[in-house]
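Quick note, the sequences are listed as chains V and S, same order. Numbering of the first sequence is given in this note's numbering, commencing with residue 1 and proceeding in unit increments. Numbering of the second sequence is given in this note's numbering, commencing with residue 1 and proceeding in unit increments.
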Amino acid sequence: MPAADPQQMEAVERSSARKRTFFRWLLFLLLGLFAIYYLAPMYVMIVTSLKTMEEIRQGNLMTLPNEIMFDSWKTAWSGRGYAAGDVFLRPFFWNSIKMVVPAVFISTFLGALNGYALTKWRFKGDNLIFLMFLFGCFIPYQAILLPMARTLGILGIANSITGLVVVHTVYGLSFTTMFFRNYYISIPDEMIKAARIDGAGFFKIFFKVLLPISAPIIVVTVIWQFTGIWNDFLFGSSFSFGEAAPIQVALNNMVLTSTSVKEYNVDMAAAFIAGIPTLLVYVFAGKYFIRGLTAGSVKG
Amino acid sequence: MLPRYEFWGINQHFRLWSHMRWSNAVENLLIFTILFVGICILIGIILSILLDQKIRAEGFLRTVYLYPMALSFIVTGTAWKWILNPTMGIQKLFRDWGFTDFTFDWLVNREMSIYTIVIAAVWQSSGFVMALFLAGLRSIDDEIIKAAKIDGAGLYSIYITIILPMLRPVFMSSIVILLHISIKSYDLVIALTAGGPGTSSDMPALFMTQMAFHRSEIGLASASAVMMFLTVLAIVVPYLYSELRRQDAGR
Numbered sequence: 001m002p003a004a005d006p007q008q009m010e011a012v013e014r015s016s017a018r019k020r021t022f023f024r025w026l027l028f029l030l031l032g033l034f035a036i037y038y039l040a041p042m043y044v045m046i047v048t049s050l051k052t053m054e055e056i057r058q059g060n061l062m063t064l065p066n067e068i069m070f071d072s073w074k075t076a077w078s079g080r081g082y083a084a085g086d087v088f089l090r091p092f093f094w095n096s097i098k099m100v101v102p103a104v105f106i107s108t109f110l111g112a113l114n115g116y117a118l119t120k121w122r123f124k125g126d127n128l129i130f131l132m133f134l135f136g137c138f139i140p141y142q143a144i145l146l147p148m149a150r151t152l153g154i155l156g157i158a159n160s161i162t163g164l165v166v167v168h169t170v171y172g173l174s175f176t177t178m179f180f181r182n183y184y185i186s187i188p189d190e191m192i193k194a195a196r197i198d199g200a201g202f203f204k205i206f207f208k209v210l211l212p213i214s215a216p217i218i219v220v221t222v223i224w225q226f227t228g229i230w231n232d233f234l235f236g237s238s239f240s241f242g243e244a245a246p247i248q249v250a251l252n253n254m255v256l257t258s259t260s261v262k263e264y265n266v267d268m269a270a271a272f273i274a275g276i277p278t279l280l281v282y283v284f285a286g287k288y289f290i291r292g293l294t295a296g297s298v299k300g
Numbered sequence: 001m002l003p004r005y006e007f008w009g010i011n012q013h014f015r016l017w018s019h020m021r022w023s024n025a026v027e028n029l030l031i032f033t034i035l036f037v038g039i040c041i042l043i044g045i046i047l048s049i050l051l052d053q054k055i056r057a058e059g060f061l062r063t064v065y066l067y068p069m070a071l072s073f074i075v076t077g078t079a080w081k082w083i084l085n086p087t088m089g090i091q092k093l094f095r096d097w098g099f100t101d102f103t104f105d106w107l108v109n110r111e112m113s114i115y116t117i118v119i120a121a122v123w124q125s126s127g128f129v130m131a132l133f134l135a136g137l138r139s140i141d142d143e144i145i146k147a148a149k150i151d152g153a154g155l156y157s158i159y160i161t162i163i164l165p166m167l168r169p170v171f172m173s174s175i176v177i178l179l180h181i182s183i184k185s186y187d188l189v190i191a192l193t194a195g196g197p198g199t200s201s202d203m204p205a206l207f208m209t210q211m212a213f214h215r216s217e218i219g220l221a222s223a224s225a226v227m228m229f230l231t232v233l234a235i236v237v238p239y240l241y242s243e244l245r246r247q248d249a250g251r
């Protein structure tokens, strides 16, 4: 290779540095545009919810409210005070809480037990059973709506929060089992064997040995289940009516019920209220949320 | 009204496939699926590659790109229904900005309503594909990229010829997940268009629940549910099979 002219080298380097800064700017421009694309709907939602209907009619999606008014939030949360035909979110929000808490707790606990049994108490056909659980993650819920409606009817818990807890627990089990199974499989069997030699039984090993080291996967599972059940609409709308409905069903009813004038500010406030719990979880525990998402898809 | 439990062979399936609304719903599902899966994967790949360039605010941007995934489809649909509002939404925004002829009425346009569902669904799910691909990119050994750079390959060709082919498993799982989301898509359609105008944005999942709970057509509902079930089976079983084999091979 002939010795390069130092001046020429410098020029080449400078132009490549300039090229690099250019690409750097382009990169940030693109990333910024995408950020705007994802954030814009949230901005529109919040801004619209703070405006009066008058302002909404005069301005457009992006215009800011003249003054910040939480009136539509109040209307969305606790209604206008009519006796009849007043749909608001408060009771349904509590319905959702009453549904989510037991369903998340039971499905996580049973999932942990399943995962433990499938990895540490291996038996013939355990892999086949795990495969069926995995398939359960993918079942289209429409396929089980009719049989489930009948089952709930026979059990006498149709159109009740208890019924929804049962449905969400059953269909959450596939995911919770998968999470725990994949976590426990990497835990050395020696720990279990040692405890067994010490005379510990199935449950004692589970509670004393495995559960204390399961914190990360419990967080992932609880977040996954919480988000899924809170956001569910299909089960809620199929198996509950009127007062027993969870919040997503109520939100949809609220938006659809058109009284004389469509109140977009109240709709947006309601949508935001229905989204707050999962958004908060996402903001404060995003790491675990993402871990759940990727674990739920890329197994192993 | 009690159901009659007589065996009727596969007659319900003949009825189903000769049902105008069902073929319309299946056609819509095909349009939706192709666009939804294609655009999500495209955006996901672009975003993950951009984010992989050692960006300072990466954590923040990732959070921004992924947050719609935390919202329900009903919330997403409600928000987009307002944004896409034919008179007061995007159309008005652009007219206020000076594009006085700008028209955007897809939400009430029979020809275009199905595409509004694509728009909202892509917004909701594309960040998820980004997260999957980013995880995939991070698992690739830096040495490979360094070696290719020394050989004189440009960044662009490194990604096209070396890195993306290595991410084949990520492609596979993203496609399966997105297909699964699209076959199930129900909430978003309900919240955004409710299948309308008319039945122009109808989908199989919507057809099934309508037949089951509003029309008392349990036979048709069950037949359509079986169809959806078989479709998912056809996609998921080969996927799970290959996943498990890959895991066994890796062990």
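All residues carry an ideal CB built from backbone N, CA and C; glycine is no exception. Owing to the predicted nature of the structure, the values given are computational and were not obtained by experimental measurement.
>> Taking its Cβ as the centre, do 16 or more other Cβ atoms sit within 10 Å of Ser242(S), making it buried, or is it exposed?
In response: Looking at its Cβ environment, which holds fewer than 16 other Cβ atoms inside 10 Å, Ser242(S) is exposed.
>> For Pro277(V), report the span of its alpha helix (DSSP H) as first-last.
In response: Run containing Pro277(V): Tyr264 to Ala295, per the alpha helix (DSSP H) assignment.
> Of all Cβ atoms in chain B, is any one closer than 8 Å to the Cβ of Asn231(V)?
Replying inline: Within the model displayed, chain B is absent; protein chains V and S are what it includes.
>> Is there a C-beta anywhere in chain S that falls below 8 Å from the one on Leu118(V)?
In response: Answer no: the Cβ-Cβ gap between Leu118(V) and chain S never drops below 8 Å.
> Around the C-beta of Leu61(V), are 16 or more other C-beta atoms found within 10 angstroms, so that it is buried, or is it exposed?
Replying inline: Classification of Leu61(V): buried, given that the 10 Å Cβ count is 16 or more.
> Between Met62(V) and chain S, is there a C-beta pair that is closer than 8 Å?
Replying inline: Any Cβ of chain S closer than 8 Å to the Cβ of Met62(V) would place that residue at the interface, and such an atom is present.
>> My assumption, with CB atoms under 8 Å, is that Ser126(S) sits in contact with Gly38(S). Please give the rounded CB distance.
In response: The Cβ separation is near 11 Å, so there is no contact.
>> So, for Leu155(V): in the same chain, excluding its five sequence neighbours on each side, which residues have a beta-carbon less than 7 Å away from its beta-carbon?
In response: If we look at Leu155(V) and ignore the five residues flanking it on each side, it has no Cβ neighbours.
>> Check this for me: beta carbons of Ala245(V) and Phe92(V), under 8 Å apart or not?
In response: For the 8 Å CB-CB criterion, Ala245(V) and Phe92(V) form a contact.
>> Measuring only the C-alpha atoms, how far is Leu279(V) from Gly286(V)?
In response: Each residue's alpha carbon lies about 9 Å from the other.
> Whole-angstrom Cβ separation of Ser72(S) and Ala274(V), contact assumed at under 8 Å?
Replying inline: Between Ser72(S) and Ala274(V), the beta carbon gap of about 7 Å places them in contact (Cβ cut-off 8 Å).
> Asp96(S) touches chain V at which residues, Cβ-Cβ below 7 Å?
Replying inline: Within 7 Å Cβ-Cβ: Asn60.
>> How far does the alpha helix (DSSP H) with Trp17(S) in it extend, from its first residue to its last?
In response: Counting along the chain, the alpha helix (DSSP H) containing Trp17(S) begins and ends at Asn11 to Trp17.
>> Would Ile162(S) and Ile144(S) qualify as a contact pair, given that the criterion is a beta-carbon distance under 8 Å?
In response: In contact: Ile162(S) and Ile144(S) (Cβ atoms closer than 8 Å).
>> I need the straight-line Cα distance from Met132(V) to Gly292(V), nearest angstrom please.
In response: Each residue's CA atom was taken as its position, placing Met132(V) and Gly292(V) some 20 Å apart.
>> 8 Å is my cut-off, CB to CB: does Asn159(V) come that close to chain S?
In response: Chain S contact via Cβ: absent.
>> By the 7 Å beta-carbon criterion, what residues does the region 25 to 54 of chain V contribute toward chain S?
In response: Taking a C-beta cut-off of 7 Å against chain S, the contacting residues of the region 25 to 54 of chain V are Leu27, Leu30, Leu31, Phe34, Ala35, Tyr38, Leu39, Pro41, Val44, Met45 and Thr48, listed in chain order.
>> I'd like the list of long-range same chain contacts for Met69(V), defined as Cβ closer than 8 Å, with 5 residues on each side in sequence excluded.
In response: The residues are Leu50, Lys51 and Thr52.
> What are the residues of the region 265 to 277 of chain V that lie near chain S, defined by any Cβ-Cβ distance shorter than 9 Å?
Replying inline: Residues Asp267, Met268, Ala270, Ala271, Phe272, Ala274 and Gly275.
> Is Val87(V) close to chain S, meaning its C-beta is less than 8 Å from at least one C-beta of that chain?
Replying inline: False, the Cβ-Cβ gap to chain S never drops below 8 Å.
> How about Ala103(V) and Thr169(V): are their beta carbons less than 8 Å apart?
Replying inline: Judged by beta-carbon spacing, Thr169(V) lies within the 8 Å limit of Ala103(V), meaning their Cβ atoms are closer than that value.
> Thr76(S) to Pro68(S), Cα distance in whole Å?
Replying inline: Rounded to the nearest angstrom, the two C-alpha atoms are 8 Å apart.
> Can a CB atom of chain S be found closer than 8 Å to the CB of Gln225(V)?
Replying inline: Taking Cβ atoms only, chain S never reaches closer than 8 Å to Gln225(V), which makes this a no.
>> Between Pro238(S) and chain V, is any beta-carbon pair separated by less than 8 Å?
In response: So no, Pro238(S) is outside the interface.
>> So, with DSSP's three-state summary, where would you put Val236(S)?
In response: Helix, per DSSP.
>> Just verifying my parser: in three-state terms, what is the DSSP assignment at Lys299(V)?
In response: Since pLDDT at Lys299(V) reaches only 42, below the 50 mark, its modelled position is unreliable, and no value is offered.
> Which whole-angstrom value describes the C-beta separation of Val26(S) and Pro204(S), a residue pair presumed to lie in contact below a C-beta threshold of 8 Å?
Replying inline: With a contact defined as Cβ atoms closer than 8 Å, Val26(S) and Pro204(S) qualify at about 6 Å.
> Are Ile183(S) and Pro140(V) close, meaning C-beta to C-beta below 8 Å?
Replying inline: Yes. Within cutoff.
> Does the beta carbon of His180(S) come closer than 8 Å to any beta carbon on chain V?
Replying inline: For His180(S), the closest Cβ of chain V is nearer than 8 Å.
>> Which same chain residues end up closer than 7 Å to Asn253(V) when comparing Cβ atoms and leaving out the 5 residues on each side of it in sequence?
In response: Counting only Cβ-Cβ distances below 7 Å, and skipping sequence neighbours, we find Val87.
> When the cut-off is 8 Å and only beta carbons count, does Leu210(V) lie next to chain S?
Replying inline: So, not an interface residue.
> At which residues does the alpha helix (DSSP H) containing Lys124(V) begin and terminate?
Replying inline: The continuous stretches of alpha helix (DSSP H) do not include Lys124(V), and DSSP gives it neither H nor E.
> Using a Cβ-Cβ distance under 8 Å, would Ser238(V) count as near chain S?
Replying inline: Yes, Ser238(V) counts as interfacial toward chain S.
> In the region 24 to 103 of chain V, which residue ranges form an unbroken alpha helix (DSSP H) of at least 4 residues, counting only runs that do not cross its ends?
Replying inline: Runs of the alpha helix (DSSP H) lying entirely within the region 24 to 103 of chain V and spanning at least 4 residues, in chain order: 53 to 58 and 71 to 78.
> According to the Cβ coordinates, are Arg181(V) and Thr119(V) closer than 8 Å?
Replying inline: Thr119(V) is positioned such that its CB atom lies closer than 8 Å to that of Arg181(V).
> Span of the alpha helix (DSSP H) holding Ile144(S)?
Replying inline: Its alpha helix (DSSP H) spans residues Asp142 to Ile150.
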